[in-house]
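Engineer: Using our numbering, you'd call the opening residue of the sequence shown number 1 and step up by one each time.
Every residue gets a Cβ at the ideal spot worked out from N, C-alpha and C, and that includes glycine.
Since the structure is predicted, the reported quantities are computational estimates derived from the model, not experimental observations.
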Amino acid sequence: MSDAVLVKVRGKGQALAAARTAFGLGAGAVEPILSVPAARGAGIGADAADDATWLRIDAGDAEHPWDRVHALAQSAASAFAANGRGRIVDAEPDLAQRWEHDNRDAAATGVDAPEQCRFDDQDDGGGKAKGDGAGWSLRDAFSQLAAARARVGDRLANVRVAHLDTGYDPDHRTLPQNLRRDLQRNFVKSDGAPDDATDRSRHLPLLSNRGHGCGTLSLLAGNRLDGAAPGWDGFVDFIGGAPLAQIIPIRIADSVVRFTTGTMVQGFGYAVDNDAHVLSMSMGGVASRALVDAVNLAYDRGLVLVTAGGNNFSHLPTPKSIVFPARWRRVLAACGVMANGRAYAGLSGVTMQGNFGPEAKMDTALGAYTPNVPWAQIGCANIVDMDGAGTSAATPQIAAACALWLAEHLERVLQYPEPWMRVEAVRHALFASATKTTPRMNAQETRRKIGQGVMRALEALAIAPPDAAALTRLPPAKASWGWLHLIFGGGVSLTASPAQRAMLELELTQMAQRHQSVDEAIDDPDRPAEEIPPAAIDRYLQAALDEGNPSRALRAFLERRLGQPARVIADRDAAPMPAPVREVRKPPLPDRRLRVYALDPSVAKNLDFADLNETTLRLPWDDVPATGERLRPGPVGEYLEVIDVDPASNKVYEPVDLNDPVVLAQDGWPPSEGNPQFHQQMVYAVAMTTIRHFERALGRKALWAPQRYVDNGKLKSRWVRRLRIYPHALRDDNAYYSPAKVALLFGYFPAESSGDTATTTGSLVFTCLSSDVIAHEMSHALLDGLHRRFQEASNPDVPAFHEAFADIVALFQHFTMTDLVRFEIARSRGKLSAANLLGGLARQFGE
């Protein structure tokens, strides 16, 4: 596990010095890994006009990598503020990751490399398909790479391809002709010189994924065989798809394909800085904000990104959807198709196979042939096996096709006004020319499992670059699922800061690439939030809590959000659990039941509606979770504070105690126009009911708008914990929500109704006793917490929306009162047009 943290800081050159000074670290402990220009520098808390720099910081050990990040982020703000330079924009752990590969042979032997120099032929185990002879995938019936490279010829030398992997074998005969050793770079820390990208494993015992870079490089740009290679009798040709392209070898992983987010980011940045046209990376992992910046930068600079879709093992609990960075639409994901036309998926036994999905990603995915394709064997100069497998093998073939198309059309492509257009032009040609069906898959299955179809390199060359106006720039990649932004409150959050919220969102996103139960909870988490069922979101969050090993901060949020502690998952390989200690369990808290007027006091004054005088509302038990504090007299709870001061009468009414045993036993005070304590109970009960409805719709906690105030001539704001409610705030025929006070103020007044109404002229009408008025005003407060700008009447529609929305909420709440709905259906005999109680609002107030 990496002990480093990736930190994004405002500024360029000064950012490094600022970080070293702020944290008191030496030169080796802080390393810049990516410069992000101003257009990309507007991360959390940064100004859009500022450049930014991602730094790798050696942060010491911690039990959980995200706990380390949260600890660093808390100290970072004060450290940089004291230093007076720079600002932390973002932070995440430099996660150590591993690229899975078929390692059965490695597990079976520890023989040194020289004794392993034997040809490995094609393998049909687990349902894998074989091709017809060595080099079958290069032929016209399959990828067409041999014919395409013959047509392009020497022009391929004008194209530069960055190859990110474990390095290369300098002694292998398939070494590319135009390998740019002058540009080679090694980002694997403490494992070789920075300017030496050779694979360090070629003289080691056989290990899992040993020589991965040598194998993928042979598929990308492998040199010519002379006809005498074992298993390749009579084959005299190149084995790589783009053998004459300039290849920049960039080492980002060690011999067993372990790598960190930071080395991937460095590799992307290095490819951009050295003017690569195509990037080929046969690995991937979890989401990352640093990697998002690298992907967006590369796309905008015109670098065609081709990365592996990912591998999984059949019948094992591993995520099976496409990994990052291939998951982002700005990256072309390489998926697998076998020689017989089946997708490289659904294999039997415990067999490695390719990832695919979700559906939204497959628009930017493409299939290439695997398994049983060429794979140069490291440490064995003349051996090219024919058991290359995984989406690792598909990736360099697609990257080679991209390089070939660019070489064919480079002059025109370079004339595009925007660099990103090169990327879209390449992808347009490959997608349009791809085969949409196979002998074993119809169009629907092909689309679902390999995306745009099966790559056809020669046919792609015939598709000319589109006009610039016909190309569409894809939206920037984002590190976290969009729906998580709503879970954590959008612009207002329960977390300490927007930066912390972003860290929790990223941690939750990363879990889907590490745990199958999280990955499968939502079929396509890239969908818009409104299209994802709340039950699926709850499944995702529950799986993340139970099996995702969340950080302390995320665990606290999830337990609060789900209302339960994490479920302990037993380790099957662990020692048997001791016998459980029996304990008495407490039953869960029931809902609090409070009596209220069903609509308002006037209903019971009409004999036709006398049976509908009151109803009972079921509310959450509004204790304060953070402190365990019980609902106080008032009532004063987690959300609300009822303050019963009557300025017109110069009185303060005694607050109601809803936890009084006598009050609890009878579901609160009985409805009464003359009892101020019932008035307090009524506004609290209806207000909490409205909050519960909002929270169910939002899928998160309801929040109040911050209170604005002026301090020394400056407009400031403070967080509001509780909304205040004043049942008798004014002697007036009015009730309103005050954004300045962040409070609801209810009035009372003598009735001036005509003689044919239920309310006697001169009797007092209390707006706090109308369910409709309370729900209406509460909706104003809740809507203000969702979007503060809706209080600004920039045009007549803005206040009109506020009023209409509040009325609709009050109307809809009628249909949540079972007693009212049952009464109206019976009275109107099912004709809802005659159900005037359901369709009316604030009857007594209107009279």
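May I ask you to report which of helix, strand or coil DSSP gives residue 376?
Structural biologist: Three-state DSSP puts residue 376 in a strand.
Engineer: By Cβ distance, which residues of its chain are closer than 7 Å to residue 5, with the 5 residues on each side in sequence left out?
Structural biologist: Once the five neighbours on either side are set aside, the close Cβ partners of residue 5 are 57, 59, 68, 69, 72, 91, 93, 94.
Engineer: Checking the sheet assignment: what are the DSSP bridge partners for residue 280?
Structural biologist: Its beta-bridge partners are 163, 306.
Engineer: Residue 233 to residue 127, Cα distance in whole Å?
Structural biologist: Going from the Cα of residue 233 to the Cα of residue 127 covers about 27 Å.
Engineer: I need the DSSP call for residue 43, collapsed to helix, strand or coil.
Structural biologist: Only weak support is given to the placement of residue 43: the predicted model assigns it a pLDDT of 44, under 50, and the value that follows is read from those uncertain coordinates. In this structure, residue 43 counts as coil in the three-state DSSP scheme.
Engineer: Give the single residue among 524, 171, 486, 377 whose Cα lies nearest to the Cα of residue 117.
Structural biologist: With distances taken between Cα atoms, residue 117 lies closest to 377.
Engineer: Run the CB neighbour count on residue 416, radius 10 Å, all protein chains shown included, and call it buried at 16 or more, exposed below.
Structural biologist: Answer is buried; the Cβ neighbour count reaches 16.
Engineer: If you drop the 5 nearest sequence neighbours on each side, which residues of the same chain put their C-beta closer than 6 Å to that of residue 144?
Structural biologist: Taken in chain order, the residues that qualify are 456, 457, 458.
Engineer: Hey, residue 734 and residue 713 are a contact pair by Cβ (cut 8 Å); roughly how many whole angstroms apart?
Structural biologist: Not really, about 33 Å apart at Cβ, beyond 8 Å.
Engineer: Start and end of the beta strand (DSSP E) containing residue 236?
Structural biologist: No beta strand (DSSP E) contains residue 236, which DSSP labels as neither H nor E.
Engineer: Under the assumption that residue 98 contacts residue 258 (Cβ atoms under 8 Å), give the Cβ distance between them as a whole number of angstroms.
Structural biologist: Confirmed, Cβ separation roughly 5 Å.
Engineer: Quickly, what does DSSP pair residue 335 with across the bridge? List them, please.
Structural biologist: DSSP lists 367 as partners of residue 335.
Engineer: Looking at the strands, I want to know which residues DSSP matches up with residue 597.
Structural biologist: Its beta-bridge partners are 614.
Engineer: In three-state terms, what does DSSP make of residue 311?
Structural biologist: The answer is strand: DSSP assigns residue 311 an E or B state.
Engineer: If you drop the 5 nearest sequence neighbours on each side, which residues of the same chain put their C-beta closer than 6 Å to that of residue 409?
Structural biologist: Excluding sequence neighbours, residue 409 sits near 465.
Engineer: Using 8 Å as the cut-off, can you tell me whether the segment 773–788 makes contact with the segment 801–814, which would need three or more C-beta pairs spanning the two stretches below that distance?
Structural biologist: Cβ pair count under 8 Å is three or more, so yes.
Engineer: One question on the structure: do residue 252 and residue 261 come within less than 8 Å of each other, judged by their Cβ atoms?
Structural biologist: In this structure, residue 261 does not lie closer than 8 Å to residue 252 by Cβ.
Engineer: Could you check whether the Cβ of residue 429 sits closer than 7 Å to any heavy atom belonging to the ligand ADP?
Structural biologist: The ligand ADP is absent from the structure shown, which contains no ligand whatsoever.
Engineer: Pull up the distance between the alpha-carbon of residue 151 and that of residue 270, whole angstroms please.
Structural biologist: So the two alpha carbons sit approximately 30 Å from each other.
Engineer: Once you ignore the five residues that flank residue 440 on each side, which residues in its own chain have a CB closer than 7 Å to its CB?
Structural biologist: Excluding positions up to five away in sequence, the list reads 340, 341, 342.
Engineer: Going by DSSP, which residues form a beta bridge with residue 285?
Structural biologist: Answer is 324, bridged to residue 285.
Engineer: If you drop the 5 nearest sequence neighbours on each side, which residues of the same chain put their C-beta closer than 7 Å to that of residue 521?
Structural biologist: Excluding residues within five positions, the ones whose Cβ falls inside 7 Å are 536, 539, 540, 543.
Engineer: Specify, as a first and last residue, the run of the beta strand (DSSP E) that residue 714 falls within.
Structural biologist: Residues 714–718.
Engineer: For the alpha helix (DSSP H) that contains residue 780, what are its first and last residues?
Structural biologist: Start and end: 771–786.
Engineer: Secondary structure at residue 397, three-state DSSP: helix, strand or coil?
Structural biologist: Of the three classes helix, strand and coil, the one that applies to residue 397 here is helix, per DSSP.
Engineer: Measuring alpha carbon to alpha carbon, tell me which of 474, 397, 460 ends up nearest residue 331.
Structural biologist: Considering only alpha carbons, the answer is 474.
Engineer: Can you tell me which of the three DSSP states residue 223 falls into?
Structural biologist: Reduced to three states, the DSSP call for residue 223 is coil.
Engineer: I need the straight-line Cα distance from residue 910 to residue 558, nearest angstrom please.
Structural biologist: In the structure as shown, the chain starts at 1 and stops at 847, and residue 910 therefore has no counterpart that could be examined.
Engineer: Report the rounded CA-to-CA distance for residue 243 versus residue 214, giving the unit in angstroms.
Structural biologist: Roughly 14 Å between the two C-alpha positions.
Engineer: Does the segment 135–149 come close enough to the segment 172–191 that 3 or more CB-CB pairs lie under 8 Å?
Structural biologist: Short answer: they don't touch.
Engineer: From residue 287 to residue 524, what does the alpha carbon distance come to, in whole angstroms?
Structural biologist: The alpha-carbon atoms of residue 287 and residue 524 are separated by roughly 15 Å.
Engineer: Decide if residue 299 is buried, meaning its Cβ has at least 16 other Cβ atoms within 10 Å, or exposed.
Structural biologist: With 16 or more other Cβ atoms within 10 Å, it is buried.
Engineer: If residue 292 sits next to residue 316, beta carbons under 8 Å apart, how far is it from one beta carbon to the other, in whole angstroms?
Structural biologist: Going by Cβ atoms, the distance from residue 292 to residue 316 rounds to 29 Å, so no, they are not a contact pair.
Engineer: Keeping to the same chain, check which residues put their C-beta closer than 7 Å to that of residue 170; ignore five residues upstream and five downstream.
Structural biologist: Here the set comprises 198.
Engineer: Check each candidate in 444, 484, 302, 375 and name the one with the smallest Cα separation from residue 221.
Structural biologist: Selected option, being the one with the closest Cα: 375.
Engineer: Using only the alpha-carbon positions, how far apart do residue 229 and residue 329 sit?
Structural biologist: One C-alpha to the other measures close to 40 Å.
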